[in-house]
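Residue numbers for the sequence shown follow this note's numbering, so the first one is 4 and each next one is one higher.
Heads up: the structure comes next, in structure tokens.
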Amino acid sequence: METDPHASGFRIFRGKDAPPIAKVGCMKIEPMTDIQTNGMMKAVEAGYLDGQQAHIIVDIPGFCLSHNWFKKNFPLMQHTHDTDCLYYVVAGSISLGKTELGPCDSFFIPANTPYTYTTGPEGAEILEIRHDAKHNFLIRSNSQAYWERAVKTVQDNVKDWKVADRPTRRLERDFFAEPL
4 METDPHASGF
14 RIFRGKDAPP
24 IAKVGCMKIE
34 PMTDIQTNGM
44 MKAVEAGYLD
54 GQQAHIIVDI
64 PGFCLSHNWF
74 KKNFPLMQHT
84 HDTDCLYYVV
94 AGSISLGKTE
104 LGPCDSFFIP
114 ANTPYTYTTG
124 PEGAEILEIR
134 HDAKHNFLIR
144 SNSQAYWERA
154 VKTVQDNVKD
164 WKVADRPTRR
174 LERDFFAEPL
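Structure below.
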């Protein structure tokens, strides 16, 4: 991630060097119920992992920045993390409850607060900013009906996910109301 891992002070972090979150091992998946385990296994078999990408761009003491791409209609289950997180929508859109968020919008989720969101028709690219890369992932969605819907959503979208283009490639305008 860093250009010089032994450097102190000024540093540059390049997205092209960012490892996938799964390889970093910073997110601890908490134990799941039988319903969650079976549902997740079926979702993964249907292509769930094709609907998302997550990379850790910065991981230094006191700061963590990850880039996440959730493709259209991605079934993000309700979950919590044990760290506060500030989210920044780079491109695409999400629905957080009844609130629509798009490029340059942010939201803050305190530690241990259950949440989920739905991606829009282009999906969404989101930056996650934390004080520590190490955090947990505790799934809260625990009904058979939820997991059946999630698997159906994966099945309905996986072909599109495999050829999807990032929303950032379609940005054409400045989203800030006023120039600096």
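Virtual Cβ for every residue (Gly too), placed ideally from N, Cα, C.
Since we're looking at a predicted model, the values are computed, not measured.
- Here the C-alpha atom of Ile129 lies approximately 7 Å from the C-alpha atom of Ala94.
- The Cβ atoms of Asp53 and Val154 do not sit closer than 8 Å to each other.
- Of the candidates Leu99, Phe66 and Gln158, the residue whose Cα lies closest to the Cα of Asp108 is Leu99.
- Checking the DSSP bridge columns, you'll see Pro34 has no partner listed.
- Here DSSP, grouped into helix, strand and coil, assigns Arg17 to coil.
- In the pairwise beta carbon analysis, the stretch 136–151 is classified as touching the stretch 27–41: at least three pairs are separated by under 8 Å.
- With respect to the C-alpha of Asp20, the residue from Gln39, Ile60 and Thr171 having the closest C-alpha is Ile60.
- Residue environment: Glu151 is assigned as exposed (fewer than 16 neighbouring CB atoms within 10 Å of its CB, all protein chains considered).
- Using a Cβ distance threshold of 8 Å, Pro113 and Asp87 count as a contacting pair.
- Going by C-alpha positions, Val157 is about 42 Å away from Phe13.
- Spanning the alpha carbons of Phe110 and Pro117 requires a straight line of approximately 14 Å.
- Counted as a single uninterrupted DSSP element, the alpha helix (DSSP H) harbouring Asp163 occupies residues Gln147 to Val166.
- Its chain contains Asn145 as the residues whose beta carbon lies nearer than 7 Å to that of Thr36, once the 5 sequence neighbours on both sides are disregarded; these appear in chain order.
- Secondary structure in the stretch 81–160: no alpha helix (DSSP H) run of 4 residues or longer lies completely within the stretch.
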